[in-house]
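Asker: Here it is: the structure, laid out below.
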Amino acid sequence: MEKQDVDLRIESVKVNDYMVIVLEGEVDVYSAPLLREEITRQVARGEYKLVVDLEKVAFLDSTGLGVLVGGLKRVKPHDGELGIICSQEKMLRIFRITGLDKIFPIFGHVDELKRRQAGE
Amino acid sequence: MEKQDVDLRIESVKVNDYMVIVLEGEVDVYSAPLLREEITRQVARGEYKLVVDLEKVAFLDSTGLGVLVGGLKRVKPHDGELGIICSQEKMLRIFRITGLDKIFPIFGHVDELKRRQAGE
Amino acid sequence: MNPPNIGAIELEIPASPQYVSLARLITTAIARSLDFGDDKIDDLKIVISEMCTNAIIHCDNREGVLNRIKVRYFPGERDLSIEVEDEGPGFDPECVGNFEDGIAAGKGFGIPLIKSLVDEFELNTGPNCGTTVRIKKYDFDEGDRA
Amino acid sequence: MNPPNIGAIELEIPASPQYVSLARLITTAIARSLDFGDDKIDDLKIVISEMCTNAIIHCDNREGVLNRIKVRYFPGERDLSIEVEDEGPGFDPECVGNFEDGIAAGKGFGIPLIKSLVDEFELNTGPNCGTTVRIKKYDFDEGDRA
Ligand SMILES: Nc1ncnc2c1ncn2[C@@H]1O[C@H](COP(=O)(O)OP(=O)(O)O)[C@@H](O)[C@H]1O
Ligand SMILES: Nc1ncnc2c1ncn2[C@@H]1O[C@H](COP(=O)(O)OP(=O)(O)O)[C@@H](O)[C@H]1O
Numbered sequence: 028m029e030k031q032d033v034d035l036r037i038e039s040v041k042v043n044d045y046m047v048i049v050l051e052g053e054v055d056v057y058s059a060p061l062l063r064e065e066i067t068r069q070v071a072r073g074e075y076k077l078v079v080d081l082e083k084v085a086f087l088d089s090t091g092l093g094v095l096v097g098g099l100k101r102v103k104p105h106d107g108e109l110g111i112i113c114s115q116e117k118m119l120r121i122f123r124i125t126g127l128d129k130i131f132p133i134f135g136h137v138d139e140l141k142r143r144q145a146g147e
Numbered sequence: 028m029e030k031q032d033v034d035l036r037i038e039s040v041k042v043n044d045y046m047v048i049v050l051e052g053e054v055d056v057y058s059a060p061l062l063r064e065e066i067t068r069q070v071a072r073g074e075y076k077l078v079v080d081l082e083k084v085a086f087l088d089s090t091g092l093g094v095l096v097g098g099l100k101r102v103k104p105h106d107g108e109l110g111i112i113c114s115q116e117k118m119l120r121i122f123r124i125t126g127l128d129k130i131f132p133i134f135g136h137v138d139e140l141k142r143r144q145a146g147e
Numbered sequence: 321m322n323p324p325n326i327g328a329i330e331l332e333i334p335a336s337p338q339y340v341s342l343a344r345l346i347t348t349a350i351a352r353s354l355d356f357g358d359d360k361i362d363d364l365k366i367v368i369s370e371m372c373t374n375a376i377i378h379c380d381n382r383e384g385v386l387n388r389i390k391v392r393y394f395p396g397e398r399d400l401s402i403e404v405e406d407e408g409p410g411f412d413p414e415c416v417g418n419f420e421d422g423i424a425a426g427k428g429f430g431i432p433l434i435k436s437l438v439d440e441f442e443l444n445t446g447p448n449c450g451t452t453v454r455i456k457k458y459d460f461d462e463g464d465r466a
Numbered sequence: 321m322n323p324p325n326i327g328a329i330e331l332e333i334p335a336s337p338q339y340v341s342l343a344r345l346i347t348t349a350i351a352r353s354l355d356f357g358d359d360k361i362d363d364l365k366i367v368i369s370e371m372c373t374n375a376i377i378h379c380d381n382r383e384g385v386l387n388r389i390k391v392r393y394f395p396g397e398r399d400l401s402i403e404v405e406d407e408g409p410g411f412d413p414e415c416v417g418n419f420e421d422g423i424a425a426g427k428g429f430g431i432p433l434i435k436s437l438v439d440e441f442e443l444n445t446g447p448n449c450g451t452t453v454r455i456k457k458y459d460f461d462e463g464d465r466a
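Same order as they appear, the protein sequences are chains P, A, U and X. If you use the working numbering, the first sequence corresponds to residues 28 to 147, in order. If you use the working numbering, the second sequence corresponds to residues 28 to 147, in order. If you use the working numbering, the third sequence corresponds to residues 321 to 466, in order. If you use the working numbering, the fourth sequence corresponds to residues 321 to 466, in order.
Quick look at the structure:
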């Protein structure tokens with residue numbers, strides 16, 4: 028049971044202004060450090076408009092939520108943003124229960140992000 | 028955890044002379060009694076040419092093998108047969124290891140059964 | 321034919337993050353066999369993860385010593401109870417916050433989340449006593465009982 | 321970074337046939353996390369089923385008393401060891417047959433099948449002692465070691 032068994036794949040792609048961190052797999056106490064590292068890396072590179080895409084995430088718990096809140100804290104001093112892409116009801120429910128839906132802008136689809144940007 | 032949770036579905040269909048008992052799911056110590064009952068039921072109805080179709084079986088262990096041998100013992104006094112339909116290598120391997128491939132006629136597909144019968 | 325409570329299923333794992341997914345898998349299998357619906361299984365996956373994560377993270381693994389945690393499942397007629405036990409330092413239950421605290425701190429969502437996803441919640445802990453968290457979840461909605 | 325043997329995973333279940341599929345599921349998850357290939361995982365699913373079935377079936381559940389069996393997993397660097405323990409009546413190891421006996425009797429395939437699917441097999445039993453069966457399986461083929 029080595030670290031490579033972590034069931035989380037991360038790929039970051041630039042969509043206009045935004046750096047979209049696309050996750051696939053499960054975010055829990057074992058895998059969340061990978062997400063934390065990726066956010067830290069992007070912020071260190073000067074990316075302050077982050078969006079975490081949860082569409083292909085099968086599981087997310089409070090450790091993952093903590094990493095997202097931590098990410099927001101990192102970009103805020105740079106006038107940045109941290110958004111979420113998520114249309115899965117089971118996950119939206121957790122954002123609602125915790126009140127985090129009021130902290131993170133939540134987009135139903137990456138296209139929404141593109142439109143929003145075009146509209147600005 | 029009630030008996031209805033048994034992950035084994037059984038459907039018997041007549042193919043020419045043969046009564047083909049089609050299994051879907053897992054055959055283990057929990058579910059094997061269902062197969063034993065079905066074989067007993069068919070023999071009681073006068074069906075002595077039985078074929079057990081394992082194509083959709085995901086798992087089979089020695090309890091299942093024991094039930095098949097038991098079935099053979101039931102039909103033998105009636106000059107019957109007990110064949111197997113199976114093309115899954117992982118299962119054929121178990122029949123080879125145990126030597127049961129020499130006890131049961133094994134067909135790769137239900138069509139083989141039809142052809143065999145036509146050829147007789 | 322089966323007795324209503326056929327006995328607990330017990331799991332003991334090293335207090336290491338990599339095992340939380342195994343606990344989820346087992347929880348899912350047990351809940352599914354009890355005919356819990358998908359939504360409730362999703363809830364239970366979060367609940368077991370929070371319970372195990374707390375036990376593992378706060379378990380105080382000393383240098384070279386790997387603690388172990390225990391997970392017990394008690395299948396009921398229409399419910400599933402789960403208990404997670406660690407031999408860690410324990411804590412003052414007064415420390416448990418709410419979601420607002422969590423948002424401010426960026427942590428502390430665990431226990432509030434567990435509470436909001438289960439029907440019964442029981443916490444046994446205290447300094448140097450280890451911690452046992454026990455929950456019960458019904459396979460139907462509270463509202464449907466009325 | 322991880323120590324080679326991070327400690328055993330222990331499972332204790334009621335000695336009841338319905339739990340064998342749970343043991344298979346857990347075995348599969350552990351073997352997969354250790355990067356065992358699909359063929360070897362299929363072997364292990366049969367092996368754990370045979371081990372648990374024997375422990376459950378021969379465990380001698382007295383009226384109203386439900387015995388329990390223990391399954392222990394020891395993940396290794398390139399192997400997985402599994403131990404199944406019951407507190408049943410035990411038996412004379414001389415009773416274990418081979419496949420020919422099995423075909424004649426319509427039972428008795430269990431232990432021969434386990435032996436043919438694992439790399440190491442150890443049986444500890446005796447009248448009134450309970451039984452522990454322990455196996456080891458490598459994640460590579462015996463032939464590849466030469
Ligand atoms: N099993 C435990 N052992 C020791 N302390 C615990 C345990 N579970 C929770 N705690 C304490 O309670 C606090 C709140 O836990 P929780 O709500 O799950 O949030 P988080 O773990 O993110 O801080 C933890 O920070 C910790 O101090
Ligand atoms: N855990 C056990 N406790 C008591 N007896 C056992 C146990 N495992 C095996 N045996 C004895 O050994 C015999 C051979 O076991 P096995 O090869 O698995 O075939 P089967 O269980 O089909 O008879 C059993 O019939 C039983 O008498």
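Idealized CB from N, CA, C, for every residue including glycine.
Given the structure, does X:V416 come close to ligand 2, in the sense that its CB is under 7 Å from one of the ligand's heavy atoms?
Answerer: The residue given as residue 416 of chain X occupies position 96 in the fourth sequence. X:V416: yes, Cβ under 7 Å from ligand 2.
Asker: Would the beta-carbon of A:D55 be found less than 7 Å away from any heavy atom of ligand 2?
Answerer: Here the question's residue 55 of chain A lines up with position 28 in the second sequence. No.
Asker: Is the CB of A:F86 under 8 Å away from at least one CB in chain X?
Answerer: Along the second sequence, read from residue 1 onward, the residue named residue 86 of chain A stands at position 59. With 8 Å as the cut-off, A:F86 counts as an interface residue toward chain X.
Asker: Nearest CA to the CA of U:P337: which residue from U:R388, U:K435, U:L354 and U:N418?
Answerer: For the purposes of this step, residue 337 of chain U is taken as residue 17 along the third sequence, with counting starting at 1. The candidate whose alpha carbon is nearest that of U:P337 is U:R388.
Asker: State the Cα-Cα distance for the pair P:K83 and P:E51, rounded to the nearest angstrom.
Answerer: Residue mapping note: residue 83 of chain P aligns to position 56 of the first sequence, counting from 1. Residue mapping note: residue 51 of chain P aligns to position 24 of the first sequence, counting from 1. Rounded to the nearest angstrom, the two C-alpha atoms are 5 Å apart.
Asker: Classify A:G91: buried if its beta carbon has 16 or more other beta carbons within 10 angstroms, exposed otherwise.
Answerer: Position 64 of the second sequence, counting from 1, holds the residue named residue 91 of chain A. Its Cβ being crowded by 16 or more others within 10 Å, A:G91 is buried.
Asker: Take A:L59 as the anchor and find which of A:V42, A:A71 and A:I37 has the nearest alpha-carbon.
Answerer: Counting from one through the second sequence, the residue named residue 59 of chain A turns up at place 32. Sequence check: residue 59 of chain A is Ala here, not Leu. Checking every option, the nearest Cα to that of A:A59 belongs to A:I37.
Asker: Flag this pair as yes or no: are the beta carbons of A:V137 and A:I121 separated by less than 8 Å?
Answerer: What you label residue 137 of chain A is simply residue 110 of the second sequence in a count that begins at 1. What you label residue 121 of chain A is simply residue 94 of the second sequence in a count that begins at 1. Against a cut-off of 8 Å, the Cβ pair of A:I121 and A:V137 comes out as no contact.
Asker: Within the same chain, show all residues whose beta-carbon is closer than 6 Å to that of X:I350, passing over the 5 residues directly before and after it, in chain order.
Answerer: Along the fourth sequence, one-based indexing puts residue 350 of chain X at 30. Hits under 6 Å: Y393.
Asker: Going by C-alpha distance, which of P:I124, P:F134, P:D128 and P:F131 is nearest U:P432?
Answerer: Walking along the third sequence from the start, residue 432 of chain U turns up at place 112. Nearest of P:I124, P:F134, P:D128 and P:F131 to U:P432, Cα basis: P:I124.
Asker: Note down the Cα distance separating A:I48 from A:I66, rounded to an integer number of angstroms.
Answerer: As a working mapping, residue 48 of chain A is identified with position 21 in the second sequence. As a working mapping, residue 66 of chain A is identified with position 39 in the second sequence. If I take the Cα positions, the gap works out to 8 Å.
Asker: Just to check my reading of the structure: X:D399 and X:K457 have Cβ atoms closer than 8 Å, yes? What is that Cβ distance to the nearest angstrom?
Answerer: Taking the fourth sequence and counting its residues from 1, the one referred to as residue 399 of chain X is at position 79. Taking the fourth sequence and counting its residues from 1, the one referred to as residue 457 of chain X is at position 137. The pair is a contact, with the Cβ atoms about 6 Å apart (cut-off 8 Å).
Asker: Among U:D380, U:G396, U:A375 and U:P395, whose alpha-carbon lies nearest the alpha-carbon of U:V404?
Answerer: In the third sequence, the residue the question calls residue 404 of chain U occupies position 84. Looking at the Cα atoms, U:A375 is the closest of the given residues.
Asker: Applying a beta-carbon distance threshold of less than 9 Å, which residues of chain U neighbour X:I346?
Answerer: Residue mapping note: residue 346 of chain X aligns to position 26 of the fourth sequence, counting from 1. Ordered by position in chain U, the residues that pass the 9 Å Cβ test against X:I346 are L331, L342, L345, I346 and A349.
Asker: With a threshold of 7 Å on Cβ separation, who are the neighbours of U:V438 within its own chain once the five nearest residues in sequence on each side are excluded?
Answerer: Position 118 of the third sequence holds residue 438 of chain U. Once the five neighbours on either side are set aside, the close Cβ partners of U:V438 are V367, I455, K456 and K457.
Asker: To the nearest angstrom, how far is it from the Cα of P:S89 to the Cα of U:H378?
Answerer: Translated into the one-based positions of the first sequence, residue 89 of chain P becomes position 62. Translated into the one-based positions of the third sequence, residue 378 of chain U becomes position 58. Taking the straight line from one Cα to the other gives about 15 Å.
Asker: With distances taken between CB atoms, is the gap from A:D34 to A:E64 smaller than 8 Å?
Answerer: Here residue 34 of chain A refers to the residue found at position 7 when the second sequence is read from its first residue. Here residue 64 of chain A refers to the residue found at position 37 when the second sequence is read from its first residue. No, these two residues do not count as a Cβ contact at 8 Å.
Asker: Taking C-beta pairs closer than 7 Å, name the residues in chain A that X:A405 reaches, listed in chain order.
Answerer: If you number the fourth sequence from 1, residue 405 of chain X lands on position 85. Position check: residue 405 of chain X holds Glu in this sequence, whereas Ala was assumed. Under the 7 Å cutoff, chain A gives no residues; its nearest Cβ is about 18 Å from X:E405.
Asker: Is DSSP giving U:A328 helix, strand or coil here?
Answerer: Taking the third sequence and counting its residues from 1, the one referred to as residue 328 of chain U is at position 8. Three-state result, U:A328: coil.
Asker: Would U:P447 be called buried (16 or more neighbouring beta carbons within 10 Å of its own) or exposed?
Answerer: Counted from its first residue, the third sequence places residue 447 of chain U at position 127. By the 10 Å Cβ count, U:P447 comes out exposed.
Asker: Following a CB-centred definition, is A:G126 positioned closer than 7 Å to any heavy atom of ligand 2?
Answerer: The sequence position of residue 126 of chain A within the second sequence is 99, counting from 1. It does not: the Cβ of A:G126 is nowhere closer than 7 Å to a heavy atom of ligand 2.
Asker: Among all the DSSP beta bridges, which residues are the ones paired with X:D421?
Answerer: Residue numbering aside, residue 421 of chain X sits at position 101 when the fourth sequence is read from its first letter. Paired residues: none, contrary to the question.
Asker: Count the other CB atoms, across all protein chains shown, that sit within 10 Å of the CB of X:S341; report buried if there are 16 or more and exposed otherwise.
Answerer: Along the fourth sequence, one-based indexing puts residue 341 of chain X at 21. When all chains shown are included, X:S341 counts as buried.
Asker: By DSSP, does A:A85 sit in helix, in strand, or in coil?
Answerer: The residue given as residue 85 of chain A occupies position 58 in the second sequence. Residue state, collapsed to three classes: strand.
Asker: Cβ of X:K427 within 7 Å of any heavy atom in ligand 2?
Answerer: Here residue 427 of chain X is taken as the residue at index 107 of the fourth sequence, counted from 1. At least one heavy atom of ligand 2 is nearer than 7 Å to the Cβ of X:K427, so yes.
Asker: So which residues of chain X does A:V149 contact, with C-beta pairs closer than 7 Å?
Answerer: Outside the displayed range of chain A (28 to 147) lies residue 149 of chain A, so it cannot be described from this structure.
Asker: Note down, in chain order, every chain U residue with its Cβ under 7 Å from the Cβ of P:S39.
Answerer: Locating residue 39 of chain P in the first sequence gives position 12, where the first residue counts as 1. What P:S39 touches in chain U: nothing, since even the nearest Cβ is about 21 Å away.
Asker: Can you check DSSP and say which residues form a bridge with X:I389?
Answerer: For this step, residue 389 of chain X is matched to residue 69 along the fourth sequence. In DSSP, X:I389 forms a bridge with X:I333.
Asker: Taking the continuous alpha helix (DSSP H) assigned at P:I66, which residues delimit it?
Answerer: Counting from one through the first sequence, the residue named residue 66 of chain P turns up at place 39. Residues A59 to A71.
Asker: Which residues, taken in chain order from the segment 103 to 131 of chain A, show a beta carbon closer than 8 Å to some beta carbon of chain X?
Answerer: For the segment 103 to 131 of chain A, which is checked against every Cβ of chain X, the residues closer than 8 Å are K117, I121, I124, T125, G126, L127 and I130.
Asker: Got a sec? Which residues, its chain only, sit under 7 Å from A:K76 by beta carbon, not counting five neighbours each side?
Answerer: Start at 1 with the first residue of the second sequence, and residue 76 of chain A comes out as number 49. Excluding sequence neighbours, A:K76 sits near D44, Y45, M46, G107 and E108.
Asker: With a 10 Å radius around its C-beta and 16 neighbouring C-beta atoms as the bar for buried, classify A:S114 as buried or exposed.
Answerer: Here the question's residue 114 of chain A lines up with position 87 in the second sequence. Under this definition A:S114 is an exposed residue.
Asker: Answer with yes or no whether the minimum CB distance from A:G21 to chain X is below 8 Å.
Answerer: A query on residue 21 of chain A cannot be resolved here, the shown segment of chain A reaching from 28 to 147 and no further.
Asker: If I measure Cβ to Cβ from P:M118 and keep anything under 8 Å in the same chain, skipping five residues before and after, which residues do I get?
Answerer: Locating residue 118 of chain P in the first sequence gives position 91, where the first residue counts as 1. These residues qualify, in order along the chain: L81, V84 and L87.
Asker: Return the residue from the list X:T452, X:D355, X:E332 and X:D461 that minimises the CA-CA distance to U:K390.
Answerer: Locating residue 390 of chain U in the third sequence gives position 70, counting from the first residue. The residue with the shortest Cα to Cα distance from U:K390 is X:E332.
Asker: I need the straight-line Cα distance from P:V56 to X:P409, nearest angstrom please.
Answerer: Here the question's residue 56 of chain P lines up with position 29 in the first sequence. Here the question's residue 409 of chain X lines up with position 89 in the fourth sequence. Cα-Cα distance, rounded: 43 Å.
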